Structures are given as structure tokens and as C-alpha cells.
Amino acid sequence: MTTNGYYGQWGGAFIPEVLYETFQELNKAFEQAKADPSFWQEYLTLMQTYSCRPTPLTHAENLSRHFGGGQIFVKREDLNHTGAHKANNVMGQGLLVKRMGKKRVIAETGAGQHGVATATMAAKFGLECTIYMGEEDVMRQRPNVFWMEKMGATVVPVTSGSKTLKDAINEAFRDWVTRMDDTHYVMGTVCGPHPFPEMVAWFQSIIGIEAREQIMAQAGALPARVFACVGGGSNAMGVFQGFLRDPEVELIGVEAGGDGLDTGQHAARLAGSDASAGMAQGYRTMFLQDSDGQMLDTHSVAAGLDYVGVSPILTDLWEQGRVRFAAATDKDVLAALDLTMKQEGLIPALESSHAFVQAFKEAPEMEQDQAMIINMSGRGDKDIFTVAHAYDDPSWKEFITKKGAEYAA
Amino acid sequence: MQLNQYIKEELAKPNKDILLMTHIVLGYPSLDINRQVIAAMVENGVELIEMQIPFSEPMADGPAIVKANQEAIEQGIRVKDCFAFAKEMTKKHNIAFLFMTYYNILLQYGIEKFCADAKEIGIKGFIIPDLPPEEGDDFFTLARSYELDPILIYAPTSTAERMIRLNQSASGFIYCVARKGVTGQQTDFDTAFNDYMAQCRTATTLPLAVGFGIASKDDIDQLRGKADIGVIGTKTIRLVNEQGVEAVGPFIAGLRY
Ligand SMILES: Cc1ncc(COP(=O)(O)O)c(C=O)c1O
């Protein structure tokens with residue numbers, strides 16, 4: 012990793028002048044934390060006592076047998092407090108916020124998992140909290156909006172642009188340039204201006220450190236392949252960092268294929284050929300944009316993957332050929348989710364289910380003594396409305412109709 | 112003629128202790144309305160106009176300009192249309208025109224071609240709020256080789272040391288953001304503001320423009336003796352929306368005298 016925030020030609024820090032001093036302060040706090048072993052120890056203790064770390068690595072024996080190929084292991088980030096890997100990053104940044112003495116945190120959220128994690132951290136650390144969330148995502152991730160509000164956060168629906176994650180990021184920056192003195196922006200993924208990609212990757216590296224030890228203990232060898240879904244790229248960077256120095260381990264990032272790569276209705280930046288190099292939201296990466304540089308509307312059944320850009324660190328690893336990219340369509344995602352629930356009793360989030368799709372495609376071609384890890388970035392409870400709707404579930408519909416009538420009366 | 116010299120010559124004219132720069136979002140509500148608004152502004156004495164090439168992610172802008180960017184793009188404005196329109200304006204009106212936009216627009220157009228074409232059509236400088244000197248110095252040098260002034264930004268959070276650093280990359284004038292936040296909110300001209308302006312003056316010999324929340328003759332009067340240029344942004348966009356193009360001329364005419 013670099014000091015000026017570049018990974019090859021990707022990254023950088025394209026920040027408005029008004030935030031220059033704020034970033035100086037943040038960089039300093041982050042550098043000091045990295046150099047201080049007691050900081051990481053404090054972080055580990057917090058994650059062990061407040062979240063559920065180390066999260067288990069589960070051998071999915073039924074799925075492995077079902078596909079008759081490689082042994083499927085699932086890294087259980089769903090068992091973190093608040094139900095996703097987002098907690099790893101948020102609690103780490105929370106400790107930094109305490110060091111910097113700020114009183115208020117803001118965040119963007121897509122699926123709402125990062126928002127819920129931030130609201131949790133704010134409640135625990137006694138901070139004021141505002142969450143920006145695209146209006147479209149407010150509608151499709153309603154349970155998370157409810158919990159954020161219950162924990163005392165203000166949730167602001169964002170109505171500009173495509174009303175999704177990128178617009179929530181813009182709005183969070185607009186807040187930050189107004190209140191940088193007392194406020195820290197808890198960026199939710201490995202994107203945005205330096206030091207965010209490096210910082211978020213650092214906190215998420217806890218996933219890969221554990222996963223490497225666990226697979227060595229349980230399978231007796233390194234995995235042949237590691238799969239992770241990629242929205243901004245934080246859960247992927249988290250698990251990949253455990254294996255980056257092992258060239259024999261293939262790393263596969265799975266993006267949102269939406270309705271299919273040839274429909275334009277997707278969010279595949281690196282798996283498809285629709286993205287091009289650009290600079291927005293403070294950093295250089297591959298963006299889904301038109302020839303003028305206007306960002307395109309993206310589509311995915313998973314709000315957390317529905318984003319125009321992707322981590323500069325991952326774009327560099329993609330360019331180097333170290334990480335391979337694939338895309339999973341909405342349809343395949345729902346099928347993989349169904350199979351995983353029936354075979355293993357696990358309920359992956361729609362985002363995480365993307366990684367399962369690609370792993371299922373590749374499992375049959377692998378040897379039975381080869382191990383593969385799927386990073387299950389989160390649990391699917393938040394998706395109950397979307398999934399029930401997609402399965403057109405009759406008993407759920409009946410329940411909602413009854414509830415609606417009850418409230419209308 | 113470079114901007115710095117143009118500004119000094121304008122300021123040397125009788126009864127002119129402060130210049131006016133206005134802001135237009137190209138294609139909002141339409142190029143035709145832009146044309147009428149610019150004519151009214153020029154007729155009523157505006158010396159500089161920053162024309163914003165719309166971008167889908169206008170991070171430094173407030174709600175009114177965000178909406179203007181979005182609607183202009185939805186109506187199909189393209190960067191090449193902005194260049195064609197700018198060419199028409201620089202031919203017709205003998206004042207200084209600048210482009211304001213975000214860096215990705217230049218990257219996709221090709222930064223060298225952007226400079227060459229802007230120079231060719233008579234643009235005088237660029238304001239790019241998401242390009243700090245740490246990332247932009249190569250581009251600033253390139254722009255200057257085409258006799259285009261990269262306008263750098265001072266903020267109330269800038270330290271004296273930072274202002275000196277920014278000045279090293281700047282030419283034309285310095286755009287002093289009057290307060291924290293985004294475009295389109297009110298600004299208080301208090302003692303903190305006066306101290307800030309004094310600090311800006313010490314850090315550079317370039318002319319100072321002040322923008323963000325300048326919306327009335329009172330605001331312009333507050334700037335006299337402290338700034339060289341008052342920037343009116345969101346206010347005229349709101350005015351056109353609420354009262355139509357006819358309101359622009361009288362509003363501009365009443366700002367200074
Ligand atoms: C469960 C889950 N997985 C994955 C993601 C995608 O983010 P990232 O690519 O940063 O891991 C999200 C984002 O909201 C999420 O909630």
C-alpha cells in the first residue's frame with residue numbers, strides 16, 4: 012500500500028479544498044493508529060467482546076456433496092453483530108473517532124448494513140449520527156431504516172441522481188463540508204479519497220487473517236479459490252488480504268450482473284466491458300459512465316452492490332491479473348440463495364449470494380480435495396421484503412395485506 | 112488577455128470598486144434561456160461569467176445547482192453542445208467567460224483537447240472544485256501553456272500556510288469560498304469573515320473573488336474593499352425559476368449601484 016493513496020494509476024485524493032485540513036488530521040490519526048500496536052489490540056478486544064469475532068468458518072458439507080467437486084467453506088461474516096462485515100470497519104473507525112475527539116458521525120448506506128453498523132457504534136460510543144440513504148434503497152431495505160432510527164440515528168432519504176448508493180455518498184460529502192469540525196465521515200467501503208480505501212481495507216483485513224488460520228486448521232491446506240461479492244469491495248478486500256501473498260490461491264470478485272451484462276441493467280465494472288477509467292467521488296477507478304463522463308444508472312437486486320465505481324485497490328489487482336472478476340445475475344442470485352437455505356440452513360444476504368453463484372458454477376470443475384472459501388459477507392434478514400416479493404410468496408403476501416388493513420383501520 | 116490583467120483594467124474604470132461574476136448551468140432550464148439570461152447579465156454590467164458544464168455527481172454544489180445539473184443532463188445536454196454554446200457567447204459578448212465543471216468531464220474529453228478547444232473558442236479559465244493542486248498541478252501547468260487560468264480555491268478552513276501553497280499553483284484570480292458548506296445557503300459577513308478575507312489578501316497578490324451565498328446589494332456592499340469580485344451563483348437560478356428571465360436584468364443592475 013502507498014502513502015499518497017495510489018494503487019498503480021488508481022485511487023488518489025481528489026478532495027474539495029475546504030476539507031484539506033480535515034484530511035490532514037484524519038491521515039495523521041490513521042498513521043498514528045497503524046504505528047501503535049495497542050490500537051490494533053484494542054480493536055481486536057472490542058470485536059471479540061462486542062461483535063462475534065473470530066467468526067467461524069463453516070464447512071458446507073451438503074453443498075459440497077451436492078456439486079460433487081471442491082470442498083465449500085463459508086466464512087461467516089453474517090455472525091458479526093448487526094449481521095454483516097460492515098461492523099469490522101465501523102468499530103475500527105469508531106475507535107479513531109474517539110481518538111480524534113469528534114462528537115458526530117455521518118455515513119452513506121446502500122443495503123443499510125453499513126448504516127445500521129454506524130448507528131450501533133454511535134449509540135455505543137455516545138455520538139450523534141446521521142445516515143444518508145438513497146430513496147430507492149430506503150424503500151427496498153426498510154427493516155434496516157427502522158433499526159437505525161430506533162438506535163437514535165437520523166436517516167435522510169436522498170432524492171437526487173439515481174437515488175442509490177453513489178447519491179448517498181455525494182450527500183454525505185455535502186454534509187461533511189458543512190460540519191467537518193465536529194464530524195467524522197465513516198466511509199463504508201474501500202472507495203473514496205485516500206486514506207479511506209487503505210483504512211477500510213486495514214480494518215477488514217481481520218476477515219482474511221482469521222480465514223487463513225481457519226482453513227489451514229480445518230482443511231490442512233490453503234484454499235484453491237476464494238470468492239467474495241464486490242460492491243465497493245470491502246468484504247472482498249477483507250478476505251483477499253489473507254491470501255494475496257499466496258499466488259496459488261485464486262481470488263474471484265463477483266459483481267452484480269443485474270438483468271445480464273448485455274442489457275445495460277447491471278453494476279459490473281470489472282467483469283463486463285461497459286466501464287472506463289474516470290474520477291468521481293474523490294478517487295480514480297473504473298466507472299460505469301457515458302462518453303461525456305456522466306455516471307450511468309446501475310441496477311442490481313442487491314442494494315449494496317448497486318454502485319457505479321469500485322475500489323481502486325481492487326481495480327489495481329484486476330489490472331495486475333491477481334483478482335479475477337465475474338458477474339452474477341439477479342435470477343441466479345435468487346436461485347443460489349434458495350439452494351443455500353435448503354441445503355445448509357444459511358441465509359446469505361442478496362449481496363453475499365452473488366459470491367455463492369460463482370462458487371457454485373466453479374465447484375463441479377474442482378477436485379474433491381481442493382478447498383474453496385465463500386465470504387458470506389452478511390445475513391439475509393434485511394432482504395425479507397425483496398426476497399418474499401421475488402419468490403412471489405403467497406403466505407407472506409397474505410400477512411402483509413392483513414397488516415396493511417390493520418394499520419389502515 | 113489573461114484574467115488578472117482584465118480584472119485590473121476593469122477595476123481601474125471609474126466607479127468600479129468591485130466586479131461581478133455570475134454562474135450559469137449550461138442547458139438549464141435550456142440553452143435558449145441561458146442565452147437570454149447571459150444577454151441580460153452582460154447588458155447590466157457583469158464582467159465575468161462562469162459557465163458550468165453539467166456533471167452527474169456535483170459534490171460541491173447545493174440542492175438548487177444539483178437539480179439544475181441533473182435536469183440539464185436528463186434533457187440531453189452534451190459536453191460538445193456546451194462548447195458550441197460557449198463559442199457563440201464569447202463571440203457575441205465582450206466579457207470574460209470561464210468554464211466551471213468537475214474533473215471527470217475533462218478526463219473523458221481528453222485534458223489536452225479540452226484546453227486546446229477552450230482556448231480556441233475564447234474561454235479564459237477553469238474552476239474545478241474537485242481538483243486540488245496535489246492532484247492537479249500537471250493539469251494546471253498544461254492549462255497555463257494554453258493561456259488558460261486555473262482558478263484555485265481558498266476556504267475558511269485554509270491555514271495561512273495552505274493559502275501560500277495554493278497561491279503557487281494559482282493564476283487569474285483566487286476564488287474564496289465565503290463559508291463552509293455547499294452552494295446556495297446564506298453567508299454571515301461577521302468579524303470571522305473579515306479576518307478570513309484579510310488572511311486571503313496577505314497570502315496572494317492575485318485578485319480575490321468571493322462566492323457562496325452572495326445574493327443581494329447588501330452582500331455586495333459587505334465585500335467592497337475586501338474582495339475584487341462578487342460571485343452570484345444560486346440566486347439568479349432561483350430568480351429565473353421563480354420570476355422568469357425578465358427579472359435578471361433589473362436584479363443585476365441593482366447589485367452595485
Ligand atoms: C452484506 C453486504 N455484503 C456486501 C456489501 C457490498 O459492499 P462491499 O463490496 O464494500 O463489501 C454490502 C453493502 O452494503 C453488504 O451489506
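These protein sequence lines are chains A and B, in that order.
According to my numbering, the residues represented by the first sequence are 12 to 420, in order.
According to my numbering, the residues represented by the second sequence are 112 to 368, in order.
C-beta: ideal position from N, C-alpha, C; glycine also.
All values reported here derive from a predicted model rather than from experimental measurement.
- V241/A has its CB nearer than 7 Å to a heavy atom of ligand 1.
- The beta carbon of F84/A does not come within 8 Å of any beta carbon belonging to chain B, so the residue lies off that interface.
- For K97/A, the CB falls within less than 7 Å of some heavy atom of ligand 1.
- Counting of Cβ neighbours within 10 angstroms places I275/B among the exposed residues, the total staying below 16.
- Remark: the shortest separation between the CB of S173/A and any heavy atom of ligand 1 does not fall under 7 Å.
- Residue contact with chain A for T302/B: absent (no Cβ-Cβ distance below 8 Å to any residue of chain A).
- Non-local C-beta neighbours of E182/A in its own chain, meaning closer than 6 Å and more than five positions away in sequence, comprise Y143 and V169, ordered along the chain.
- Under a criterion of Cβ atoms nearer than 9 Å, no residue of chain B is adjacent to P168/A; the nearest Cβ is some 14 Å distant.
- G322/B counts as buried, since at least 16 other C-beta atoms from the protein chains shown sit within 10 angstroms of its C-beta.
- Less than 8 Å divides the Cβ of A281/B from the Cβ of P261/B.
- The count of Cβ pairs closer than 8 Å, one atom from the segment 116–129 of chain B and one from the segment 170–184 of chain B, stays below three, leaving the stretches out of contact.
- Contact note: S269/B reaches chain A through E28, V29, Y31 and E32, using a C-beta cutoff of 9 Å and chain order.
- In the three-state scheme derived from DSSP, where H, G and I count as helix and E and B as strand, K178/B is classed as helix.
- Shown here, H125/A sits in a helix according to DSSP, grouped into three states.
- In the three-state scheme derived from DSSP, where H, G and I count as helix and E and B as strand, Y307/B is classed as helix.
- Closer than 8 Å at the C-beta level to chain A, one finds these residues of the segment 179–204 of chain B: Q181, I184, R189 and V190.
- Membership of L131/B in the beta strand (DSSP E) is indicated by the continuous run L130 to V136.
- The three-state secondary structure of S388/A, taken from DSSP, is coil.
- Taking 8 Å as the CB threshold, G304/A lines the interface with chain B.
- In the three-state reduction of the DSSP assignment, Y318/A falls in the coil class, being assigned neither a helical nor a strand state.
- Ranked by how close their Cα comes to the Cα of Q219/B, the residues W329/A, A288/A and H400/A have A288/A in first place.
- A buried status is given to K113/A, since no fewer than 16 other beta-carbon atoms sit within 10 Å of its beta-carbon.
- Against chain B, the beta carbon of Q292/A has neighbours under 8 Å at E168 and M170, listed in chain order.
- Using a Cβ distance threshold of 8 Å, G264/A and F336/A count as a contacting pair.
- Across the segment 158–191 of chain A, CB contacts with chain B closer than 8 Å involve S171, G172, K177, N181, F184, R185, V188, T189, R190 and M191, in sequence order along the chain.
- Inclusion of L357/A and V398/A in the CB contact set at 8 Å is not warranted, their separation being larger than that value.
- Taking CB atoms only, D249/B has no neighbour in chain A less than 8 Å away.
- Counting only unbroken stretches of 4 or more residues, the alpha helix (DSSP H) elements lying wholly within the segment 153–219 of chain B are 174–185 and 190–203, in sequence order.
- Taken through DSSP and simplified to helix, strand or coil, L68/A comes out as strand.
- Of the heavy atoms belonging to ligand 1, none sits nearer than 7 Å to the Cβ of S364/A.
- Within 7 Å of the C-beta of T316/B there is not a single heavy atom belonging to ligand 1.
- By the criterion of a C-beta distance shorter than 8 Å, S245/A is surrounded in its chain by H96, K97, N100, G199, T200, V201, V211, A212, Q215 and S322, once the five residues flanking it on both sides are discounted.
- Taking a Cβ-Cβ threshold of 9 Å, the residues of chain B close to A24/A are P243, E245 and E246, in chain order.
- Closest in C-alpha terms to P208/A, from the list D327/A, A46/A and R153/A, comes D327/A.
- For the pair P244/B and L233/A, the Cα-to-Cα distance works out to about 45 Å.
- Ranked by how close their Cα comes to the Cα of G138/B, the residues A151/B, F166/B and L114/B have F166/B in first place.
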